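Step one of this worksheet: look at the structure below.
Protein chains: 2
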Amino acid sequence: MRSPEELTVAFRSAGLKVTPQRQLLFRLLHDNSSHPTADSLHSAATSVMPGISLRTVYQTLTDLAEMGELQSIEVGSGSLRFDPNVSDHHHAVCDGCGDVHDVYVSKAPVLRGLDDFSVSDAHIVYRGHCGACSALVATK
Amino acid sequence: MRSPEELTVAFRSAGLKVTPQRQLLFRLLHDNSSHPTADSLHSAATSVMPGISLRTVYQTLTDLAEMGELQSIEVGSGSLRFDPNVSDHHHAVCDGCGDVHDVYVSKAPVLRGLDDFSVSDAHIVYRGHCGACSALVATK
DNA sequence: ACCTTATCTGCATGAATTGCTAATTAGCAA
DNA sequence: TTGCTAATTAGCAATTCATGCAGATAAGGT
Numbered sequence: 001m002r003s004p005e006e007l008t009v010a011f012r013s014a015g016l017k018v019t020p021q022r023q024l025l026f027r028l029l030h031d032n033s034s035h036p037t038a039d040s041l042h043s044a045a046t047s048v049m050p051g052i053s054l055r056t057v058y059q060t061l062t063d064l065a066e067m068g069e070l071q072s073i074e075v076g077s078g079s080l081r082f083d084p085n086v087s088d089h090h091h092a093v094c095d096g097c098g099d100v101h102d103v104y105v106s107k108a109p110v111l112r113g114l115d116d117f118s119v120s121d122a123h124i125v126y127r128g129h130c131g132a133c134s135a136l137v138a139t140k
Numbered sequence: 001m002r003s004p005e006e007l008t009v010a011f012r013s014a015g016l017k018v019t020p021q022r023q024l025l026f027r028l029l030h031d032n033s034s035h036p037t038a039d040s041l042h043s044a045a046t047s048v049m050p051g052i053s054l055r056t057v058y059q060t061l062t063d064l065a066e067m068g069e070l071q072s073i074e075v076g077s078g079s080l081r082f083d084p085n086v087s088d089h090h091h092a093v094c095d096g097c098g099d100v101h102d103v104y105v106s107k108a109p110v111l112r113g114l115d116d117f118s119v120s121d122a123h124i125v126y127r128g129h130c131g132a133c134s135a136l137v138a139t140k
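Protein chains in written order, with our numbering: chain Z, 1 to 140; chain L, 1 to 140.
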């Protein structure tokens, strides 16, 4: 995702308006690698701007996703997560704490089953335990 | 997933009862490679046994999943899909018709990001167009 | 400063799934 | 076969996540 300043320009030239709510979300998302949900972003936004609507958070996330500034991912946690890192990567989900980490994979090799299928995208979800949670399990 | 007969034995020895509803679902799921949703299974079941509850379908699917007889997968279609194929495989989702196909992959190689993460499972979702839908797109 | 149009908020709605409970039934044992 | 007990079913309520809608508001070009 581009910087808040660049997004401001991009939104205006797309005919979209740059409101305080959106500027706040731009800032909260920039360089955010926590893969937040709409709800967690709303919580973070509320502590800075009380009264901001969850609906507005969803709307802005949708706008950003449509502009290709972030990607939404499904990792089985029930709700969508948003990732401002739009480079080609994958995700590892900790079954202990639920945290999501970025993973860079060369290319997912295919053996059988894709003969008659043209692939445009592949996404890998790894499950397991992160370092901290592995340590916890070991001491139990 | 094992055969309806084997599941009958397995359920009884697990202290679970084998009802007509469950027997029907065993049959509908056996050798089913359509990756059905709970709702589509319920529709299929209803045409054989009118009055069967969607709640019962969910319950039985949960039981089967807990026994390791089927796996539930998320492919971004909004609802869970159930796969009686529990061998190690992945899925390709057609953006045209929504159909889900099985894909067999050697092993998802990892480059960077999993240094401090112990992986217990990896699942790849491919997106693209199946043969039929690719042909349709080409003629447009 | 004005005017048009996008945006915000709050609420209603929708879709998928799970929780709850009275009535029923499977399946073991006598 | 009959009876008993615990599991199951069905139906509805509740929950969660996300989107639709409409009046009030505000961005930003003129």
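Virtual Cβ for every residue (Gly too), placed ideally from N, Cα, C.
For clarity, every value in this text was computed on a predicted model and none was experimentally measured.
Proximal chain Z residues relative to residue i, where beta-carbon distance stays under 8 Å
{"i": "A92/L", "result": "G113, L114, F117, V119"}
{"i": "G76/L", "result": "E74"}
{"i": "G128/L", "result": "F117, S118, V119, S120, D121"}
Contact set between residue i and chain L, taken where Cβ atoms lie within less than 8 Å
{"i": "G131/Z", "result": "D116, F117"}
Inter-residue CB distance, residue i and residue j (contact presumed, cutoff 8 Å)
{"i": "D116/Z", "j": "C130/L", "result": "7 Å"}
{"i": "V100/L", "j": "V75/L", "result": "6 Å"}
{"i": "V57/L", "j": "Q71/L", "result": "That pair is no contact at about 16 Å."}
{"i": "H35/Z", "j": "I73/Z", "result": "7 Å"}
{"i": "P225/Z", "j": "L29/Z", "result": "Examination of residue 225/Z is not possible in this model, given that chain Z is present from 1 through 140 alone."}
{"i": "S3/Z", "j": "D39/Z", "result": "At roughly 25 Å, the Cβ-Cβ gap does not stay under 8 Å, so S3/Z and D39/Z are not in contact."}
Residue of the options minimising C-alpha distance to residue i
{"i": "N45/L", "options": "Q21/L, M67/L, T62/L, P84/L", "result": "Position check: residue 45/L holds Ala in this sequence, whereas Asn was assumed. Out of Q21/L, M67/L, T62/L, P84/L, Q21/L has the C-alpha closest to the C-alpha of A45/L."}
{"i": "L16/L", "options": "T37/L, Q71/L, D39/L, E66/L", "result": "E66/L"}
{"i": "F26/L", "options": "D88/L, M1/L, S77/L", "result": "M1/L"}
{"i": "A122/Z", "options": "T37/L, S33/L, L64/L, H91/L", "result": "H91/L"}
{"i": "F82/L", "options": "A14/L, S33/L, G51/L, S134/L", "result": "S33/L"}
{"i": "E6/Z", "options": "T139/Z, V48/Z, L64/Z, K107/Z", "result": "L64/Z"}
{"i": "F11/L", "options": "T37/L, P50/L, T62/L, A135/L", "result": "T62/L"}
{"i": "I124/L", "options": "M49/L, D88/L, V9/L", "result": "D88/L"}
{"i": "L114/L", "options": "G113/Z, R112/Z, V105/Z", "result": "V105/Z"}
Sheet register partners of residue i (DSSP bridge)
{"i": "V119/L", "result": "G128/Z"}
{"i": "C94/Z", "result": "G128/Z"}
{"i": "Q71/Z", "result": "D83/Z"}
{"i": "V57/Z", "result": "Its beta-bridge partners do not exist; DSSP assigns none."}
{"i": "H101/L", "result": "A92/L"}
{"i": "R2/L", "result": "Its beta-bridge partners do not exist; DSSP assigns none."}
{"i": "R27/L", "result": "Note: R27/L sits in no beta bridge, so no partner."}
{"i": "T37/L", "result": "R81/L"}
{"i": "T112/Z", "result": "It is Arg, not Thr, that sits at residue 112/Z in the sequence shown. DSSP lists Y104/L as partners of R112/Z."}
Beta-carbon neighbours of residue i, restricted to chain L and to distances below 7 Å
{"i": "E149/Z", "result": "Outside the displayed span of chain Z (1 to 140) sits residue 149/Z, for which this structure offers no information."}
{"i": "A143/Z", "result": "With chain Z running from 1 to 140 in the structure shown, residue 143/Z is simply not present."}
{"i": "G51/Z", "result": "Here the premise fails: no neighbours, minimum Cβ distance about 31 Å."}
Under 9 Å from the C-beta of residue i: neighbouring residues of chain L
{"i": "H30/Z", "result": "The premise fails here: H30/Z is roughly 21 Å from chain L at the closest Cβ pair, so nothing lies under 9 Å."}
{"i": "S134/Z", "result": "D116, F117, S118"}
Contact list for residue i against chain Z, beta-carbon separation under 7 Å
{"i": "H101/L", "result": "G113, F117"}
Neighbour list for residue i in chain Z, Cβ cutoff strictly below 9 Å
{"i": "V125/L", "result": "E74, D121, A122, H123, I124, V125"}
{"i": "G98/L", "result": "Per Cβ cutoff of 9 Å: no residues; G98/L is ~13 Å from chain Z at best."}
Stretch-stretch touch, CB-based, cutoff 8 Å, three pairs: the segment 120-129 of chain L with the segment 88-96 of chain L: yes
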